[in-house]
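Have a look at the structure below before the remarks.
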Amino acid sequence: MTSSRRPAAGIQVAGTQVAGTQVAGVDASGADASGADASGRPPARNGISARRVVLRAGILPEGEFFAARAGDSPFQPGTILPSGTVIERDLPAWCFPELREEPEIKAQHEVLFIDEHLVVAHKPPFLPTTTNGRLQINTLQTRLRQEFGEELTPLHRLDRLASGVVLCGRKPQERAAYQQLFVQHHMKRTYLAKVTGVSEAGQWQSLELWMLKRPGQRAVQVVPPKTMGARRTFTEYRYLEDNLMELRPHTGFTHQLRVLCAHLNNPIVGDDTYPLDSGLNLNEGAKALALVAWKLSFIDPITGEGREFQTKRCEALESPRF
Numbered sequence: 001m002t003s004s005r006r007p008a009a010g011i012q013v014a015g016t017q018v019a020g021t022q023v024a025g026v027d028a029s030g031a032d033a034s035g036a037d038a039s040g041r042p043p044a045r046n047g048i049s050a051r052r053v054v055l056r057a058g059i060l061p062e063g064e065f066f067a068a069r070a071g072d073s074p075f076q077p078g079t080i081l082p083s084g085t086v087i088e089r090d091l092p093a094w095c096f097p098e099l100r101e102e103p104e105i106k107a108q109h110e111v112l113f114i115d116e117h118l119v120v121a122h123k124p125p126f127l128p129t130t131t132n133g134r135l136q137i138n139t140l141q142t143r144l145r146q147e148f149g150e151e152l153t154p155l156h157r158l159d160r161l162a163s164g165v166v167l168c169g170r171k172p173q174e175r176a177a178y179q180q181l182f183v184q185h186h187m188k189r190t191y192l193a194k195v196t197g198v199s200e201a202g203q204w205q206s207l208e209l210w211m212l213k214r215p216g217q218r219a220v221q222v223v224p225p226k227t228m229g230a231r232r233t234f235t236e237y238r239y240l241e242d243n244l245m246e247l248r249p250h251t252g253f254t255h256q257l258r259v260l261c262a263h264l265n266n267p268i269v270g271d272d273t274y275p276l277d278s279g280l281n282l283n284e285g286a287k288a289l290a291l292v293a294w295k296l297s298f299i300d301p302i303t304g305e306g307r308e309f310q311t312k313r314c315e316a317l318e319s320p321r322f
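In terms of the UniProt record's numbering, the sequence shown is numbered consecutively and its last residue is 322.
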């Protein structure tokens, strides 16, 4: 048969084609995946979401794949595609990531508030907010999903080394409304940082910086205004006693506060990237970044009420004031 000479289908993730990989729990029934959403994505397993991939034309390798919604796909969204299936053209699909051994993260999160719309938690340092290529299990998102038995979604992120308040949405239909608070800068965010070089307390100041993150580089650069690819950032800040700073970012950009403090010659204690990049360290024994997302204030877009959430866990600051 001609199909026996077809090349095995590859899998493309984030633009790179890789060989098919074995995923535990193969179900070759071909039945619709129970609970799949309109896009075909199956429910999270043990708190971990399936990710979107592209199956290359050919014979499907071993693994568990769920057909994704596509206008020209011969499969219903959510259909489980058994290994050995021949696909005539590239197709989008969903699959669960392969779980590898991860560094243990002992730091514990704390739930600060719960209602029917939100779960608010304190994220400790070293625990990523969401899953990434290295960590799938040891993340705040996965831990909260396992704790509550539902697909909670963080509505924003904190740096892995930072700590503080994180909002998580409970209802998929409400997430966009909450996320727009951050996009439209209607979320009042207050951070505390322990820095070097502060001599005395001062008044509120503000600073506009243009920042650029180049592909493949960890560090963000401060560049001249309107540099191609750069983004404008705006932050209010003031110096406190005990080498502390209070910061209110009005924009959101990767490492915005860390870059700002280094630019002011007041780098944050424990920063592994600014002003000098010491390399990525996933070891929990490394020094925590002394940056705390201390307080979030906003008008709830669902209920219309004013809300304010604050963490009392400011141990990273090593200050008796907080």
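For each residue, glycine too, the CB sits at the ideal point set by N, CA and C.
CA nearest to the CA of residue i, picked from the options
| i | options | result |
| --- | --- | --- |
| GLU116 | LEU91, ARG170, GLU102 and ASP90 | ARG170 |
| LEU181 | ASP300, GLY71, ILE137 and THR227 | ASP300 |
| VAL54 | LYS106, PRO92 and GLN76 | PRO92 |
| THR59 | VAL269, LYS194, ARG89 and ALA193 | For the record, residue 59 in the displayed sequence is Ile; it is not Thr. Nearest C-alpha to ILE59: ARG89. |
| ALA290 | PRO124, HIS185 and PRO103 | PRO124 |
| LEU264 | GLY216, PHE322 and VAL198 | VAL198 |
| LEU112 | LYS295, LEU127 and THR139 | LYS295 |
| GLN310 | VAL166, GLN184 and VAL86 | VAL166 |
| PRO224 | ASN243, TRP210, LEU244 and VAL120 | TRP210 |
| SER319 | LEU192, LEU212, ALA67 and ARG45 | LEU192 |
| PHE62 | LEU158, GLY149, PRO82 and LEU276 | One detail in the question is off: residue 62 reads as Glu in this sequence, not Phe. For GLU62, the nearest C-alpha among the options comes from PRO82. |
| GLY149 | ARG45, GLU110, PHE298 and CYS314 | ARG45 |
| PRO103 | LEU127, VAL120, ALA36 and LYS188 | LEU127 |
| ALA201 | CYS168, MET245, MET228 and GLN184 | MET245 |
| GLN253 | PRO43, HIS186, ARG231 and ALA177 | Here the sequence assigns Phe to residue 253, which means Gln is not the residue at that position. Of PRO43, HIS186, ARG231 and ALA177, the residue nearest in Cα terms is ARG231. |
| THR235 | ILE114, ASN243, ARG248 and PRO42 | ARG248 |
| THR85 | ALA38, GLU315 and ARG56 | ARG56 |
| GLY78 | ALA36, VAL119 and GLU101 | ALA36 |
| GLN76 | GLU101, PRO42, GLN108 and ARG157 | PRO42 |
| GLN108 | ILE114, PHE322 and ARG313 | ARG313 |
Outcome for residue i when other beta-carbon atoms lying within 10 angstroms are tallied against a minimum of 16
| i | result |
| --- | --- |
| LEU207 | exposed |
| PRO74 | exposed |
| ASP72 | exposed |
| PRO267 | buried |
| LEU152 | buried |
| LYS106 | exposed |
| THR139 | buried |
| ASP159 | buried |
| ALA38 | exposed |
| ALA183 | Reading the sequence as shown, one finds Val at residue 183 and not Ala. Exposed. |
| LEU276 | exposed |
| ILE87 | buried |
| ILE80 | buried |
Where residue i falls: helix, strand or coil (DSSP)
| i | result |
| --- | --- |
| ALA177 | helix |
| ALA67 | strand |
| VAL93 | Reading off the sequence shown, one finds Ala at residue 93, where the question assumed Val. If DSSP states are grouped into helix, strand and coil, ALA93 belongs with the strands. |
| GLU147 | helix |
| VAL220 | coil |
| VAL198 | coil |
| ARG232 | strand |
| VAL183 | helix |
| ARG258 | helix |
| GLN76 | coil |
| GLU208 | strand |
| PRO249 | strand |
| THR142 | helix |
| LEU240 | strand |
| HIS117 | coil |
| ALA316 | helix |
| PRO82 | coil |
| HIS263 | helix |
| PRO154 | strand |
| GLN310 | strand |
Under 8 Å between C-beta atoms of residue i and residue j
| i | j | result |
| --- | --- | --- |
| TYR274 | ALA288 | no |
| GLY164 | VAL259 | no |
| THR129 | GLN141 | yes |
| LEU233 | GLN256 | Residue 233 is actually Thr in this sequence, not Leu. Yes, these two residues count as a Cβ contact at 8 Å. |
| LEU135 | GLY270 | no |
| VAL220 | LYS213 | yes |
| GLY40 | PHE66 | yes |
| HIS185 | HIS250 | yes |
| SER297 | LYS188 | yes |
| LEU155 | GLN179 | yes |
| ASN132 | THR196 | no |
Residue-chain proximity (residue i, chain D), Cβ-Cβ < 8 Å
| i | result |
| --- | --- |
| CYS314 | Of the chains in the structure shown, none is chain D; there is only one protein chain. |
Residue i: CB within 7 Å of a non-hydrogen atom of the ligand ZN
| i | result |
| --- | --- |
| ARG100 | Inclusion of the ligand ZN in the displayed structure is not the case, the ligand content being empty and no account of it being possible. |
* **the stretch 93-110 / the stretch 45-59 touching (three or more Cβ pairs under 8 Å)** => yes
* For the stretch 238-258 and the stretch 185-205, state whether three or more C-beta atom pairs, one from each stretch, are separated by less than 8 Å. => yes
* Is it a yes or a no for the stretch 171-180 touching the stretch 305-314, going by three-plus beta-carbon pairs under 8 Å? -> no
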